[in-house]
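Heads up: the sequence shown is residues 1 to 353, going by the UniProt record's numbering.
All C-beta atoms in this analysis are idealised placements derived from N, C-alpha and C, irrespective of residue type, glycine included.
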Amino acid sequence: MWEYLIHGEPSPRLQAFLEGVGKALEAQGFRFNQEAEAPNLVLNAITPENPRPYRRKAQATFVASVLELPEYPEDPLRQLYPYLVRALSNVLLAYVPGKGVKFLTLELGHYQEPEGEGFFERVAARLRPIACSRLVINNLFEQDLEPELWHGDELTESMYRAGKKLKEWDLLPAPFPIEEILPPEDLRHVKRLYGIGGLSYGNLSVRKDERRFWMSASGVDKANLREIGRDILMVKDYDPKRNAILLSVPPHVEPRRVSVDAIEHWMIYREHPGVGAILHVHAWMEGVPATSFNYPCGTYELAQAVAEKVRQAPDPTRAVVGLKNHGLTITGRSLDEILERIEGKLIRTVPMS
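Now the structure itself:
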């Protein structure tokens, strides 16, 4: 059974909201346990003056911070994102009594549930996929990359060219400066728990052989993918027992972590030998099939949902899949082929629902 608890010191109106959401969660299979060491979900009450974080003891704990406001801000992404990060949250709920809740995710998803019939049930239904997801973000590095690949190959060169092209198309949103938003103690906590050193959006990969693929690292400038082990990593497998991505790196480099979407790319490459490259961008295309839920990045559930949509495509080697309230995952024979196929067809604003 999934467990949740409430953290912080909510105002009376926020307390009533949290209790209503809690009862709806319990109807959907959760159990309230205020003493849980590693709850699946924490409802964390914060204020603009003190966005106090809940300090997780396990990666499996997802935190939904809840902020009461008199009105929705004009620019919710810019004005609310710092609270999301400072409270070390997976999702932020901006609650305006009488109007409803605006959700904001780390992946820049933002959507609203208005007050009215079934309000608490709708909010709980939005939180459930987040709370019940399993992160696959641990990396195991082995210094066994072939010397002839220490400086890359023609495939990593194609990643460099693709990153430059994405920059030209203005499809690499400037990452929020996490080190400027978080105080040093909280940044150290995040790095210890998740290995996160920065936030950036979008990723790309190319197949090397039957089992392995090159992939962009987490938190790096995708417009300048050059150094092997730092900007680009060799993914060689996924270890389900340790729930970790296995990577081959050169012996002389202190590696960065691979993109959190590595598990998604691994699933697609494993099932479809004809897929030679995968691109993920925070953009949209008309008429694309999309996942049903806004699962968090780096979760097994998101990977499964995307892999299922690729499987259902008329041609899985040329699929375009929408990630609800998030962006696109696109497969192709090569990165050059993907970029040629989608040029002029992307919509920069992802529809939110």
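- The beta carbons of Phe30 and Gly22 sit closer together than 9 Å.
- When DSSP states are grouped into helix, strand and coil, Leu108 belongs to the coil group.
- Close CB contacts of Gly109 within its chain, under the 6 Å cut and outside five residues either way in sequence, are with Asn294, Asn325, His326 (chain order).
- Between Ile278 and Ser205, the C-beta spacing is below 9 Å.
- Here Asp261 is not near His282, since their CB atoms are 9 Å or more apart.
- Within the segment 83-159, the runs of beta strand (DSSP E) that reach at least 3 residues and sit entirely inside it are, in chain order, 91-96, 100-105, 110-114, 138-142.
- Here Ser89 has Val63, Ser65 as same chain residues with Cβ atoms under 6 Å from its own Cβ, once five neighbours each way along the sequence are excluded.
- Secondary structure at Trp266: helix, using DSSP grouped into helix, strand and coil.
- Taken in chain order, the complete beta strand (DSSP E) segments of 3 or more residues contained in the segment 237-308 are 244-248, 277-281.
- Note that the segment 126-141 touches the segment 286-306; at least 3 beta-carbon pairs, one per stretch, sit closer than 8 Å.
- For the set Leu67, Leu346, Glu146, Tyr201, the Cα lying nearest the Cα of Leu172 is the one of Tyr201.
- The C-alpha of Arg341 lies about 10 Å from the C-alpha of Val320.
- Here Leu5 really is in contact with Val42; their C-beta atoms are around 6 Å apart, less than 8 Å.
- Shown here, Tyr4 sits in a strand according to DSSP, grouped into three states.
- Inter-residue distance for Leu335 and Tyr111 is about 31 Å (C-alpha atoms, whole angstroms).
- Here the alpha carbon of Gly118 sits roughly 21 Å from the alpha carbon of Leu67.
- The Cβ-Cβ distance between Ala303 and Glu264 falls below 9 Å.
- When His252, Asp315, Leu323, Leu346 are compared, the shortest CA-CA separation from Glu286 is found for Leu346.
- Secondary structure note for Leu335: its alpha helix (DSSP H) is the uninterrupted segment 335-342.
- Checking the DSSP bridge columns, you'll see Met215 partnered with Ser205, Leu233.
- Judged by beta-carbon spacing, Ser216 lies beyond the 9 Å limit of Gln143, meaning their Cβ atoms are not closer than that value.
- Taking the C-beta atoms as reference points, Gly274 is found no nearer than 9 Å to Arg256.
- Its chain contains Ala24 as the residues whose beta carbon lies nearer than 7 Å to that of Glu121, once the 5 sequence neighbours on both sides are disregarded; these appear in chain order.
- Residue environment: Asp209 is assigned as exposed (fewer than 16 neighbouring CB atoms within 10 Å of its CB, all protein chains considered).
- Using a C-beta cut-off of 8 Å, the segment 42-58 makes no contact with the segment 146-155, since fewer than three inter-stretch Cβ pairs fall below that distance.
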